[in-house]
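Everything in the first sequence is counted per numbering that gives the first Met the number 0, starting at 0 for the first residue and increasing by one. Quick reminder that beta carbons are idealized off the backbone N, C-alpha and C, glycines included. These figures come from a predicted structure and were not determined experimentally. Have a look at the structure below before the remarks.
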Amino acid sequence: MAGKEIKAEKENNAGEKSSTSDSFQIPKKYTPDDEMQMYKLWEDSGYFNPDKMISDLHEESSKTESSTKKEVKSKKPFVITQPPPNANGELHIGHMCGYSFQDCMGRYNRMNGRPTLLLPGKDHAGIQTEAVFTKVLAERGLDKWEIGREKFYHKAYEFCTKNADHARQQEKRIGLSSDWSREKFTLDEGLNKVIFETFIKMFNEGMVYRDEYIINQCTHCKTALANIDTDHIEKKGIFAYIKYPYADDPTKFVTVATTRPETMLGDTAVAVSTDDDRYKDLVGKKVKLPLTDREIPVIAAREVDKDFGTGALKVTPAHSSIDFGIGKEHNLEVINVINEEGKMNDNAPEKYQGMTVKECRDAVIEDLKNEGLLVKVEDFPHEVIVCERCKNDIEQIMSKQWFVNIKSLAEKCIEALDKRETVVLPENQHRVLRQWFEKLEPWCISRQLWWGHQIPVWYCGSKKFFDWKLSNPDKSIEDFEKETGEKVNGCGNAMAAIDKPEKCEKCGKSAADVDIVQEEDVFDTWYSSGQWTFSTMGGPEGEDFKKFFPTDVMETARDILFFWVARMMMMSMYRTGKTPFHTVYLHGMILAADGQKMSKSKGNGVEPADVLKKYGADALRLWYYTATLPGQSTPIMDDKLMGNRNFVNKIWNASRFVMMKLEDLFNENEIKQLDGEINENLMNLKNADDEWLKQTYATATRITDYINKYRFNLAVEELREFFWHTVCDQWIEETKKLIDEDPENKAKFMSRLLTIIITSLKLIHPFAPFVTEYIWQNLKGMGLLEDGHKSGLLMMEKWPVEVE
RNA sequence: GGACUGGUAGCUCAACUGGUUAGAGCACACGGUUUACAUCCGUGAGGUUGGGAGUUCGAGUCUCCCCCGGUCCACCA
0 MAGKEIKAEK ENNAGEKSST SDSFQIPKKY TPDDEMQMYK LWEDSGYFNP
50 DKMISDLHEE SSKTESSTKK EVKSKKPFVI TQPPPNANGE LHIGHMCGYS
100 FQDCMGRYNR MNGRPTLLLP GKDHAGIQTE AVFTKVLAER GLDKWEIGRE
150 KFYHKAYEFC TKNADHARQQ EKRIGLSSDW SREKFTLDEG LNKVIFETFI
200 KMFNEGMVYR DEYIINQCTH CKTALANIDT DHIEKKGIFA YIKYPYADDP
250 TKFVTVATTR PETMLGDTAV AVSTDDDRYK DLVGKKVKLP LTDREIPVIA
300 AREVDKDFGT GALKVTPAHS SIDFGIGKEH NLEVINVINE EGKMNDNAPE
350 KYQGMTVKEC RDAVIEDLKN EGLLVKVEDF PHEVIVCERC KNDIEQIMSK
400 QWFVNIKSLA EKCIEALDKR ETVVLPENQH RVLRQWFEKL EPWCISRQLW
450 WGHQIPVWYC GSKKFFDWKL SNPDKSIEDF EKETGEKVNG CGNAMAAIDK
500 PEKCEKCGKS AADVDIVQEE DVFDTWYSSG QWTFSTMGGP EGEDFKKFFP
550 TDVMETARDI LFFWVARMMM MSMYRTGKTP FHTVYLHGMI LAADGQKMSK
600 SKGNGVEPAD VLKKYGADAL RLWYYTATLP GQSTPIMDDK LMGNRNFVNK
650 IWNASRFVMM KLEDLFNENE IKQLDGEINE NLMNLKNADD EWLKQTYATA
700 TRITDYINKY RFNLAVEELR EFFWHTVCDQ WIEETKKLID EDPENKAKFM
750 SRLLTIIITS LKLIHPFAPF VTEYIWQNLK GMGLLEDGHK SGLLMMEKWP
800 VEVE
């Protein structure tokens, strides 16, 4: 028996013996060192897999009701598709927090008889992993461009697989009862198929399209980014006042003020406010753009703030989103002067071509000064857009990318939120999410990376030709060849397909006769992880999908509400017509002990492994439940963890006391177990006459209620109050007295206490699974649990309160 | 610029739709216990719930103003 074995081992390791009862083997102190032994029992039992619960049910019913042939109906499954951590690095204390809540809900529902699936996985995390792994390669003296795309992909895959193995061990260490047989990686073949199918469906329905648009270009990561992949931070900058001469009278000027003088090379207008009398007469006239030979119009736009700067705004539609908007409205020419690498391109005057943006800025300032067109340069702190990942400056440039028009999906999500088909906790985030859906722009999903899903688009001819045709719809293939000097073999059509098409759908020519080449870009990571709730289940046709979709709860952190949760809702609306989960639970954020955000540079981070070693998984979990409330952020502090460790030890010792007393009782009376009183007590807890048992049941009811309302902090506080201060401090002490006064009834008093302990262990188990299971195995070893679940595991015991 | 959020004991935080005397852990003071646990037990001190006004029979909780933090969104060049 497992319980016996563990007990024996404990005795050997303990090194200290009870001073009260030398014969008693259970050590005084609970040490978390062998928590993983319990994990092994759970894992080996097979019950992390919900199918085992379902098949048990069939087995049982065929035994008892074989003649009636009644249809077996299990309770509704409980499902969480777990947020997949990035497969490129270590898990942090926040991951563990999420797992603790997911596992708590999972264990609670499993004990309630619901076949429970916690579906684990790992995320390939496109841009981040590509950056991390490129660095790893560099450390090995390798360059990604040298080894090439295919090799890079394979090596990155290996790298992630190795990290994932490591992460999985940490996940087990916190007690996560996931079905590892179903673990997925976002680049698994089965998932890829679903993701490609989604794209192809969108493509054929016209929801995805290629367009030239102002996008965020990270010149460091060398890829386009969606708005959400950027941050805004304040940086020191300059504010340059530049004179633009009137075209018809070079002695007169209009002065514009800008933080980005270099972009003036792409200016196509000067805008003034519609109600600015100072410039009234200028509107409609032209000015000469300095350093170039172009003349640009002066226009009136309501976006312009007449009180800011000089009240005259230089308009560069290609490199500023506000200017882009003005340009669209006034039909301005768009001149892109910065390329994907952040250098000045052929559209800039020859002198500046090839300069970096910064070099060009200095050169432009210098040249303006020489021409007497520079009024002044002020220091000016202003907001700049940076890459969310690498924190380098973003250039806004015109670029051709793949976009998804997600407006209709966003509308469906708003409807689902309004109907409360999905509820976000805390409630304020429900409204925040709703507002976010309301102002969604088309989503740029193409990334110029290698690590990810290569977009399943095939061009007849070449991508360059297709893109050229986008901008030159009226021109011919001959024009293209003349302009670019490149030959093209194909009609310029684009098709979506998983495998290379055998012929072009448009011109009908076979792949042998024309070039059919695949798009090189990959999907934005969130495009694939947005499908996580059903891609992990084989897609809308999958076996698991039929059994387990929609899922129940999405438990995650606030910072990926828009990135991920919103995308999952939209993608699920698209593929399944349903919202993928009824509840989004956003746990709180964990800060360092000093109240600051944890960060590597500050060195104030807390390593999960250290905490686990020092206090144990149960103590850490108990802290999470009470401290990391939705919508809050909370510092992780040693004394709090210590308090929770003490509680774990208290549970251990109270149980130890009961076991000791019972062993004494058995020895005195030469019996091996109590009569059926325990089971009777447990069965009748609900209707007990005994005051203590009544109170125990009332507590169980309250805790059940709290869990159902996702108020985990109150559940744990109630448990602590009840177990520590009522059961231990009052009832155990009282029982000692009762036994002293009335030794004849010792068995009766002890069986009442044991009933209370057993019930408490069940109630505590979802929160602190290790210590409770450990005790359970010891109780089992003593023969005190006759009527338990056939697995012999507390994990599989029935929850003390009936939940519908 | 917009939105959200917090200010409660020395510290970190609780307190369901407004409802007894605002709670807990840690820290503190005093006492106890050596036969479950010193990772223990008991007792105690500690609060004008950031400030001000209002609604109400009743406000930590609702409304308004002010002060101080935090977070997110955003195209003031």
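Residue from the options whose Cα sits closest to the Cα of residue i
i, options, result
"I444", "L141, N226, R301", "N226"
"E196", "A616, A496, K75", "A496"
"M658", "E606, E188, I755", "I755"
"Y208", "S632, L640, A493", "A493"
"K411", "F656, W401, G576, I393", "G576"
"E437", "Q453, A409, G451", "A409"
"G341", "A223, K736, E440, N85", "A223"
"I364", "T355, K375, M354", "K375"
"D609", "Y29, I92, I454", "I92"
"N87", "Q127, I763, M682, N191", "Q127"
"G174", "E211, F198, Q36, T250", "Q36"
"I677", "I670, Y709, S750", "S750"
"G529", "W563, T734, A592, D50", "W563"
"T80", "S177, Q24, D478", "S177"
Segment limits, beta strand (DSSP E) that includes residue i
i, result
"N215", "207-217"
"W651", "Here W651 belongs to no beta strand (DSSP E); instead the alpha helix (DSSP H) covers 637-668."
"P244", "229-244"
"F379", "373-386"
"I79", "77-80"
"T582", "582-586"
"I738", "Element bounds for I738: not the beta strand (DSSP E) but the alpha helix (DSSP H), 732-740."
DSSP three-state assignment for residue i, whether helix, strand or coil
i, result
"L825", "The chain is shown from 0 up to 803; residue 825 falls before or after that span and cannot be answered."
"V800", "coil"
"M35", "helix"
"C96", "helix"
"G324", "helix"
"L623", "Note that residue 623 corresponds to Tyr in the displayed sequence, not to Leu. Reduced to three states, the DSSP call for Y623 is helix."
"F252", "strand"
"N203", "helix"
"T115", "strand"
"F184", "strand"
"G105", "helix"
"E332", "coil"
"Q395", "strand"
"L560", "helix"
"T483", "helix"
"T810", "Here the chain has residues from 0 to 803 only, and residue 810 is not among them."
"E554", "strand"
"S319", "coil"
"L224", "strand"
"D786", "coil"
"L793", "helix"
"G14", "Confidence at G14 is low in this model, with a pLDDT of 36, below 50, so the placement of that residue should be treated as unreliable; the coordinate-derived value is given next. In the structure shown, G14 sits in coil (DSSP, three-state: anything other than H, G, I, E or B)."
"D366", "helix"
"P768", "helix"
"S475", "coil"
"F721", "helix"
Unbroken alpha helix (DSSP H) run spanning residue i, endpoints
i, result
"A746", "745-763"
"Y705", "690-707"
"K505", "Element bounds for K505: n/a, residue is neither H nor E."
Residue i - partner residues in DSSP beta bridges
i, result
"C443", "F402"
"G489", "Beta-bridge pairing links G489 to no other residue."
"A268", "V314"
"D122", "N85"
"A299", "V271"
Supposed close pair residue i, residue j - CB separation, criterion 8 Å
i, j, result
"Y107", "W449", "That belief does not hold up - the Cβ atoms of Y107 and W449 are roughly 43 Å apart, past 8 Å."
"L760", "L793", "6 Å"
"R644", "A618", "4 Å"
"Y815", "F711", "Because residue 815 is not part of the residues shown, which for the chain are 0 to 803, the question remains open."
"S461", "V487", "5 Å"
"G587", "T555", "The pair is not a contact, with the Cβ atoms about 12 Å apart (cut-off 8 Å)."
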